[in-house]
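Asks: Position in the sequence shown (first residue = 1) + 4 = our numbering. Just passing along the structure, written as structure tokens.
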Amino acid sequence: MIEHIPLNERQPRMEAAGLPREAVTIFLQSVRAWEARTAPESLDADLVPVQTICRQGRELLAHLPRKSERDATQKDAGHVIFHLLADASWRFFRHHAQPVYRELTNNGTRSLRVDELAWRAAERLPGILPTEDELRAESELLQKDKDGLEINQGLFFSHLFRDRAIGSHLIRAMLRPLPQSFEYLDEFRKTGRVQLDKALVEAKEQAGYLTFQNLRYLNAEDDTTMVPFEIATDLILLHPELRMGVMRGGVVDHPKYAGRRVFSAGINLTHIYHGKKSYLGFLTKNLGFFNKVHRGILPPGPDSLDVPLDEPETTVEKPWVAVVETFAIGGGCQLLLVADYVIAETGSFFSLPARKEGIIPGLANLRLPRFTGESLARQAIMFDKLFKVETPEGRTIVSEVVAPEEIEAAVTRCASNALGAGMVSISANRKALRAQTESMEALRQYMVIYAREQAFCHLSDDLIRNLEKNWNAQQRKL
Numbered sequence: 005m006i007e008h009i010p011l012n013e014r015q016p017r018m019e020a021a022g023l024p025r026e027a028v029t030i031f032l033q034s035v036r037a038w039e040a041r042t043a044p045e046s047l048d049a050d051l052v053p054v055q056t057i058c059r060q061g062r063e064l065l066a067h068l069p070r071k072s073e074r075d076a077t078q079k080d081a082g083h084v085i086f087h088l089l090a091d092a093s094w095r096f097f098r099h100h101a102q103p104v105y106r107e108l109t110n111n112g113t114r115s116l117r118v119d120e121l122a123w124r125a126a127e128r129l130p131g132i133l134p135t136e137d138e139l140r141a142e143s144e145l146l147q148k149d150k151d152g153l154e155i156n157q158g159l160f161f162s163h164l165f166r167d168r169a170i171g172s173h174l175i176r177a178m179l180r181p182l183p184q185s186f187e188y189l190d191e192f193r194k195t196g197r198v199q200l201d202k203a204l205v206e207a208k209e210q211a212g213y214l215t216f217q218n219l220r221y222l223n224a225e226d227d228t229t230m231v232p233f234e235i236a237t238d239l240i241l242l243h244p245e246l247r248m249g250v251m252r253g254g255v256v257d258h259p260k261y262a263g264r265r266v267f268s269a270g271i272n273l274t275h276i277y278h279g280k281k282s283y284l285g286f287l288t289k290n291l292g293f294f295n296k297v298h299r300g301i302l303p304p305g306p307d308s309l310d311v312p313l314d315e316p317e318t319t320v321e322k323p324w325v326a327v328v329e330t331f332a333i334g335g336g337c338q339l340l341l342v343a344d345y346v347i348a349e350t351g352s353f354f355s356l357p358a359r360k361e362g363i364i365p366g367l368a369n370l371r372l373p374r375f376t377g378e379s380l381a382r383q384a385i386m387f388d389k390l391f392k393v394e395t396p397e398g399r400t401i402v403s404e405v406v407a408p409e410e411i412e413a414a415v416t417r418c419a420s421n422a423l424g425a426g427m428v429s430i431s432a433n434r435k436a437l438r439a440q441t442e443s444m445e446a447l448r449q450y451m452v453i454y455a456r457e458q459a460f461c462h463l464s465d466d467l468i469r470n471l472e473k474n475w476n477a478q479q480r481k482l
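So this is what it looks like as structure tokens:
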């Protein structure tokens, strides 16, 4: 969260790090003038002072050594500047994020995905929101050396989700099929198989099978996997002859697990540590791939901010089975919370090691308590509890536990049972269940918090300390 820096502490803490006194004074004068505004002006009138604050603050940060090489006083000065910039931007977005969204989407008649919206908003608010080129350059730094360009993206999106009509419109935009998915659809319908980068999607009888293939990283998720995984999900949901989806991890070649299937190792911690994991990836994963498994897809068509928000969801959806082999960690565990049936091999486990990673485990805070109860959910999220699938706690999420050699038969049996039911009733029952467990409105309200707090977690020193302490991150290679 944004820390309030007392007025009388700002200049001394910054000058103690050897920053130029005149530049510090001018920067703090700009900040104080912005804080003293009692009412918002027009978007363009308020844009200039905040652009000035961001430019001056980043110039001061550039005077400091690389973040990981700063001494205590330099780190403190950087901390002061970071939070003053965040506070100025937060105040700006409070009044202007929503008008910017209406402008960029032509008052909601144009659907923009999170990433496209971020880049268009950066063009509209230059110097406040980072551009794609700026973040590409920053990705060459280790995560511990980043001074937080992405933080304003989190503040921007949090304010978008704060508005019910805008937040719901953005969630719906993320439920649209990706344009790339239509490019593969004919091939998938004709051949029943599409090999994507790090994902394989196959049609077998009336079931679509998504196999995760980020094999080097034990099928972990990162910025290279989310689009292929989402395309595969789209294809299964778009294929008119498929009636259900099955998610499964591919066979890995990791020395410890060679020849075994692994469902998912969760988020790619190597990529995070090396600065290759984008903040936007957290939003696109949860509102794209994961939410499409949970809610289905919204067919292409006109949309508007004026859509009645209490109408039933109109997504096209299918039931999903998750097949857990070896383990489902982090994001892998989160996927189990949006599956309709979970088959696990004996000896496997799942966990949410958020405490050891220093981030929010996606939407698990919203979803896990309704499976396990709040007490077990707190243990999992904050105290690193591991769930073995054979235990009563594990069975709160896992539907069926079978021996490894019986997995194939169990999947076939589950698919046959599901396919014997009517698809209309399955879709209707999924929507009815969500109405009392996770309405679109509940998701929007959660995203107000998640969008902001995940940005701070992603850029925190605690994240780096956790990775170095609990995961030996300094020794991991890309």
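Positions of the beta carbon are idealized from the N, C-alpha and C atoms, including for glycine.
Taking the alpha carbon of Glu410 as the reference point, which residue from Ile347, Asp307, His100 has its own alpha carbon closest?
Replies: Ranking Ile347, Asp307, His100 by Cα distance to Glu410 puts Ile347 first.
Asks: Would Lys296 be called buried (16 or more neighbouring beta carbons within 10 Å of its own) or exposed?
Replies: The residue is buried, with at least 16 neighbouring Cβ atoms inside 10 Å.
Asks: Specify, as a first and last residue, the run of the beta strand (DSSP E) that Ser355 falls within.
Replies: Counting along the chain, the beta strand (DSSP E) containing Ser355 begins and ends at 353–355.
Asks: Excluding the five sequence neighbours on either side, which residues of its own chain have a C-beta within less than 7 Å of the C-beta of Gly152, listed in chain order?
Replies: Answer for Gly152: Phe86, Leu463, listed in chain order.
Asks: Could you give the DSSP three-state label for Tyr277: helix, strand or coil?
Replies: Here Tyr277 sits in helix by DSSP.
Asks: Rounded to whole angstroms, what's the CA-CA distance from Asp388 to Asn369? Just pull it up for me.
Replies: Asp388 and Asn369: Cα-Cα distance of roughly 14 Å.
Asks: Which residue from Asp310, Val28, Asp137, Leu68 puts its Cα closest to that of Gln60?
Replies: Out of Asp310, Val28, Asp137, Leu68, Val28 has the C-alpha closest to the C-alpha of Gln60.
Asks: Helix, strand or coil: which one does DSSP assign to Met251?
Replies: Of the three classes helix, strand and coil, the one that applies to Met251 here is strand, per DSSP.
Asks: With distances taken from CA atoms, which of Thr288, Thr274, Phe286, Gly424 is nearest Glu4?
Replies: Absent from the model: residue 4. The displayed extent of the chain is 5 to 482, so no value can be given.
Asks: Who are Tyr345's beta bridge partners in DSSP?
Replies: Tyr345 is bridged to Val325.
Asks: For my contact list, Arg117 and Ala177 are in at a C-beta cut-off of 8 Å; report their separation, rounded to the angstrom.
Replies: Rounded, the Cβ-Cβ distance is 6 Å, consistent with contact.
Asks: Taking only runs of the beta strand (DSSP E) that begin and end inside the stretch 364–432, which ones reach a length of at least 3 residues, in chain order?
Replies: Counting whole runs of 3 or more residues, the stretch 364–432 contains the beta strand (DSSP E) stretches 390–392, 404–406.
Asks: Does the beta-carbon distance from Met207 to Glu234 come in below 9 Å?
Replies: Correcting the residue identity first, residue 207 is Ala in this sequence and not Met. No.
Asks: Which whole-angstrom value describes the C-beta separation of Ile57 and Ser34, a residue pair presumed to lie in contact below a C-beta threshold of 8 Å?
Replies: Between Ser34 and Ile57 the Cβ distance is about 5 Å, and since that is below 8 Å, they are a contact.
Asks: Judging by CA-CA distance, which residue of Lys280, Thr350, Ala407, Gln458 is the nearest neighbour of Arg140?
Replies: The shortest C-alpha separation from Arg140 is found at Lys280.
Asks: Between Glu315 and the ligand GTP, is there a pair consisting of the residue's CB and a ligand heavy atom that are separated by less than 8 Å?
Replies: Only the bare structure without any ligand can be found here, which leaves the ligand GTP out of the picture.
Asks: Quick check on Asp310: buried or exposed, where buried means 16 or more other Cβ atoms within 10 Å of its Cβ?
Replies: Exposed: under 16 other Cβ atoms inside 10 Å.
Asks: Among Val84, Val250, Tyr105, which has the Cα closest to the Cα of Pro10?
Replies: Nearest option by C-alpha distance: Val84.
Asks: Looking at the unbroken alpha helix (DSSP H) that takes in Gln147, where does it start and where does it end?
Replies: Segment: none, Gln147 is in no alpha helix (DSSP H) and carries neither H nor E.
Asks: Output the distance between the C-alpha atoms of Asp465 and Tyr277, rounded to the nearest integer angstrom.
Replies: Answer to the nearest angstrom: the Cα atoms are 11 Å apart.
Asks: Apart from the five residues on each side of it in sequence, which residues of its chain come closer than 7 Å, Cβ to Cβ, to Ala126?
Replies: Answer for Ala126: Leu133, Pro134, Thr135, listed in chain order.
Asks: Answer yes if the stretch 346–364 comes into contact with the stretch 400–408, meaning at least three C-beta pairs across the two stretches below 8 Å, and no otherwise.
Replies: Yes, the stretch 400–408 is in contact with the stretch 346–364.
Asks: Are the beta-carbon atoms of Gly334 and Val328 separated by less than 9 Å?
Replies: Contact: no.
Asks: Once DSSP output is grouped into helix, strand and coil, what is the label at Ile132?
Replies: It is coil, neither helix nor strand.
Asks: Alpha carbons only, please: which of Gly254, Ala169, Pro69 is nearest the one belonging to Ala21?
Replies: Of the listed residues, the one whose Cα sits closest to Ala21 is Pro69.
Asks: Reducing DSSP to helix, strand and coil, say where Phe216 ends up.
Replies: If DSSP states are grouped into helix, strand and coil, Phe216 belongs with the strands.
Asks: Please tell me whether His8 and Asp80 are closer than 9 Å, where the distance is taken between their beta carbons.
Replies: Against a cut-off of 9 Å, the Cβ pair of Asp80 and His8 comes out as no contact.
Asks: As a quick exercise: from Leu367, Thr395, Ile155, Ser355, pick the residue whose alpha carbon is nearest that of Gln383.
Replies: The option with the nearest alpha carbon to Gln383 is Ser355.
Asks: Please go through the stretch 27–106 and give each complete alpha helix (DSSP H) segment of 4 or more residues, from N-terminal end onward.
Replies: Runs found: 47–67.
Asks: Any contact of the stretch 199–214 with the stretch 237–252, i.e. 3+ C-beta pairs under 8 Å?
Replies: Enough Cβ pairs lie closer than 8 Å, so yes.
Asks: Report the partner residues of Glu206 according to the DSSP bridge assignment.
Replies: Arg197, Tyr213, per the DSSP bridge assignment.
Asks: Could you tell me if Asp226 is buried or exposed, where buried requires 16 or more neighbouring beta carbons within 10 angstroms of its beta carbon?
Replies: Flag for Asp226 reads buried.
Asks: What is the DSSP secondary structure of Arg265, reduced to helix, strand or coil?
Replies: In the structure shown, Arg265 sits in a strand (DSSP, three-state: E or B).
Asks: If you draw a straight line from the alpha carbon of Trp475 to that of Thr228, how long is it in whole angstroms?
Replies: Their backbone Cα atoms lie some 21 Å apart in a straight line.
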